Amino acid sequence: MLEVTSSAVENLKTYLADNNIESAIRISLMQGG
310 MLEVTSSAVE
320 NLKTYLADNN
330 IESAIRISLM
340 QGG
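Right, dumping it as structure tokens:
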């Protein structure tokens, strides 16, 4: 399960709107830091 904060959701919505992105996004979890 992936938990996303409301702040992250707002930032993502803003980014998608600013860049006219209407397609789905892919999330990848990777090891490392």
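Numbering (my numbering), first residue to last: 310 to 342. Even glycine gets a Cβ: it sits at the ideal position worked out from N, Cα and C. Quick caveat, the model's predicted, so the values are computed rather than measured.
Alpha carbon of residue i to alpha carbon of residue j, nearest angstrom
{"i": "Glu312", "j": "Asp327", "result": "24 Å"}
{"i": "Glu331", "j": "Gly341", "result": "30 Å"}
{"i": "Val318", "j": "Tyr324", "result": "10 Å"}
{"i": "Ala333", "j": "Lys322", "result": "12 Å"}
{"i": "Thr314", "j": "Asn320", "result": "10 Å"}
{"i": "Leu338", "j": "Ser316", "result": "19 Å"}
Element boundaries [alpha helix (DSSP H), containing residue i]
{"i": "Ser316", "result": "Ser315 to Asp327"}
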